[in-house]
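A.B. asks: Each residue of the sequence shown is one higher than the one before, counting from 143 in our numbering. One structure follows; several queries about it will come next.
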Amino acid sequence: MTTLSVVVPVRDGERYIADALTSLCRNARHDFEFIVVDDGSVDGTGEVIADFAGELPGLTVVRNPSPVGLADARNTGLSAATGRYVTFMDGDDWLAPGYLTQLVEAIDGLGCDFVRADHVQVEGRKRVVHRAPAARRGAVLDPRDAILPADVRTMVDYPYAWAGIYRRSLGDLLRFPGSLHTAEDRPWIWRLHQEAASFAVVSLAGVFYRRMVAGSLTQVGDERQLHFFDAFELVFKDVDPRFLPKAVRNFCALLGHHLELGDRFTPELRARFEERGAQMLRALPVELVAGSVARMSAERAAALRPVLPDLPPSPHVRVRRDREET
């Protein structure tokens with residue numbers, strides 16, 4: 143019986159995929175399977191993966207003839223998975239030796255639907271541990287209790303699918319919105335926390351997440367960035383009314399972040415991005431938008447100014463910096 147399925151989507155990742163697969167070799171067990179989804183790569187990714195056929199037990203390779211995007215590549219891997227549990231890894235990241243066994247031991251011991259973990263952010267030679275935003279560790283919790291307060295960093299501000307392990311019996315809750323080519327993890331994490339029965343957070347930091355990788359969607363300023371709005375339309379469509387203040391705050395902070403990085407857009411795309419942002423802000427409760435903006439740093443509020451509707455003053459709200467949502 144397969145205990146764990148590891149889903150690894152990759153596209154044009156020949157520079158890093160060997161590091162990723164080498165780290166999986168150092169995590170391999172006879173009851174683990176590794177499903178690499180080559181999402182239409184046109185570089186040497188496929189050849190590098192093939193070199194690991196005899197080194198990585200449990201390796202299965204699925205190749206998409208043309209790219210379908212990260213969300214559907216992950217969904218393809220989920221459809222092929224047979225493990226009791228599932229986790230994810232991106233093709234430009236890597237894992238510490240023995241990390242996957244620690245994850246399995248954590249969820250086995252806790253008996254909950256999913257477990258979230260910390261991670262290590264990598265920029266060049268710099269390594270920084272980023273903690274999942276939950277103070278209580280190693281205890282089974284209600285996922286809905288980890289959404290609020292609205293003005294504090296919570297687990298819905300930590301959407302990284304690869305920072306955790308999940309019971310495959312969660313079924314469709316684990317699937318990503320295939321229409322999205324960026325921000326696909328936002329509606330995913332909101333749905334998981336609103337609908338799953340139980341979760342926990344553990345103090346493990348075995349995922350090494352490369353940031354600022356050329357060609358990654360966080361660095362690209364093309365039309366796929368507009369999917370950010372589609373992602374939050376899905377969040378707002380399904381959000382429980384009691385969590386709406388958090389969803390609005392989450393959206394406003396991330397919209398401001400995107401606008402602060404607006405130089406990556408062409409003028410035409412920036413105009414479309416601002417127009418879409420203004421439309422969505424006008425559709426949200428004005429008092430929630432005003433409260434969110436009042437708590438932002440001056441820099442982020444200034445970035446939002448071109449898309450803001452007329453807002454009532456909020457004189458009693460303390461201004462604070464919102465770095466956590468990004």
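All C-beta atoms in this analysis are idealised placements derived from N, C-alpha and C, irrespective of residue type, glycine included.
#1: ALA215 to ASP181, Cα distance in whole Å?
#2: Which residue from ARG406, GLY398, PRO409, LEU403 puts its Cα closest to that of ALA420?
#3: Among LEU396, ARG418, VAL148, which has the Cα closest to the Cα of THR224?
#4: Which partner residues does PRO151 have in the DSSP bridge list?
#5: Beta strand (DSSP E) containing TYR308: first to last residue?
#6: Going by DSSP in three states, HIS261 sits in which element: helix, strand or coil?
#7: Do the CB positions of ARG391 and ASP293 come within less than 9 Å of each other?
#8: My parser needs the beta strand (DSSP E) runs of 3 or more residues fully inside the segment 281–347; what are they?
#9: Which runs of the beta strand (DSSP E) spanning at least 3 residues fall entirely within the segment 198–225, listed in chain order?
#10: Look at THR218 and PHE176 and say whether their C-beta atoms are less than 9 Å apart.
#11: Give a yes or no on whether the C-beta atoms belonging to ASP235 and ARG352 are separated by under 9 Å.
#12: With DSSP as the reference, label THR144 as helix, strand or coil.
#13: Per the DSSP calculation, PHE174 is bridged to which residue(s)?
#14: Quick check: what's the CA-CA separation for ILE159 versus THR187?
#15: Which runs of the alpha helix (DSSP H), 4 residues or longer, sit entirely within the segment 385–437?
#16: With DSSP collapsed to three states, give me the class of VAL228.
#17: With a threshold of 8 Å, are at least 3 pairs of Cβ atoms found where one atom belongs to the segment 149–168 and the other to the segment 234–252?
#18: Taking C-beta to C-beta, are LEU283 and ALA342 nearer than 9 Å?
#19: Give the DSSP-derived three-state secondary structure of TYR158 in the structure shown.
#20: Taking the alpha-carbon positions, what's the VAL435 to ARG153 distance?
#21: Just to confirm, are HIS103 and ARG286 a CB contact at a threshold of 9 Å?
#22: Give the DSSP-derived three-state secondary structure of ARG352 in the structure shown.
#23: Here's a check: name, in chain order, each residue in its chain whose Cβ is nearer than 7 Å to the Cβ of LEU252, leaving out the five neighbours to either side.
#24: Please classify LEU453: does DSSP put it in a helix, a strand, or coil?
#25: Looking at the structure shown, is VAL184 part of a helix, part of a strand, or coil, going by DSSP?
#26: Residues bridged to LEU166 by DSSP?
#27: Does the distance from the C-beta atom of GLY200 to that of ALA170 stay below 9 Å?
#28: DSSP three-state label for VAL381, please.
#29: Under 8 Å by Cβ, that's how I've got MET469 and ARG258 pegged, so tell me the actual separation to the nearest angstrom.
C.D. replies: Once the coordinates are examined:
#1: Just so you know, the alpha carbons of ALA215 and ASP181 end up roughly 6 Å apart.
#2: The residue from ARG406, GLY398, PRO409, LEU403 with its alpha-carbon nearest to that of ALA420 is GLY398.
#3: Closest option to THR224, Cα to Cα, is VAL148.
#4: Bridge partners of PRO151: VAL179.
#5: In the DSSP annotation of this structure, the continuous segment of the beta strand (DSSP E) that includes TYR308 starts and ends at 306–309.
#6: Residue state, collapsed to three classes: strand.
#7: Yes, Cβ-Cβ distance for ARG391 and ASP293 is below 9 Å.
#8: As far as the segment 281–347 is concerned, its whole beta strand (DSSP E) runs of at least 3 residues are 306–309, 341–344.
#9: You should have 201–206.
#10: Contact flag unset, no.
#11: Yes, the Cβ-Cβ distance between ASP235 and ARG352 is below 9 Å.
#12: In the three-state reduction of the DSSP assignment, THR144 falls in the coil class, being assigned neither a helical nor a strand state.
#13: Note: PHE174 sits in a beta bridge opposite LEU146.
#14: Each residue's Cα considered, the two are about 7 Å apart.
#15: Every alpha helix (DSSP H) of 4 residues or more that sits fully in the segment 385–437 is shown, in chain order, as 386–402, 409–424, 428–436.
#16: Assigned with DSSP and collapsed to three states, VAL228 falls in strand.
#17: Cβ pair count under 8 Å is three or more, so yes.
#18: Going by C-beta atoms, LEU283 is nearer than 9 Å to ALA342.
#19: In the structure shown, TYR158 sits in coil (DSSP, three-state: anything other than H, G, I, E or B).
#20: Taking the straight line joining both Cα atoms gives about 37 Å.
#21: Because the chain here runs from 143 to 468, residue 103 falls outside it and cannot be looked at.
#22: The answer is strand: DSSP assigns ARG352 an E or B state.
#23: VAL282, ALA342, listed in sequence order.
#24: Note: LEU453 maps to coil in three-state DSSP.
#25: DSSP places VAL184 in the coil class of the three-state scheme, outside both helix and strand.
#26: In DSSP, LEU166 forms no bridge with anything.
#27: Cβ distance < 9 Å, so GLY200 and ALA170 count as in contact.
#28: Secondary structure of VAL381 (DSSP, three-state): coil.
#29: Outside the shown range of the chain, which is 143 to 468, sits residue 469, and nothing can be said about it.
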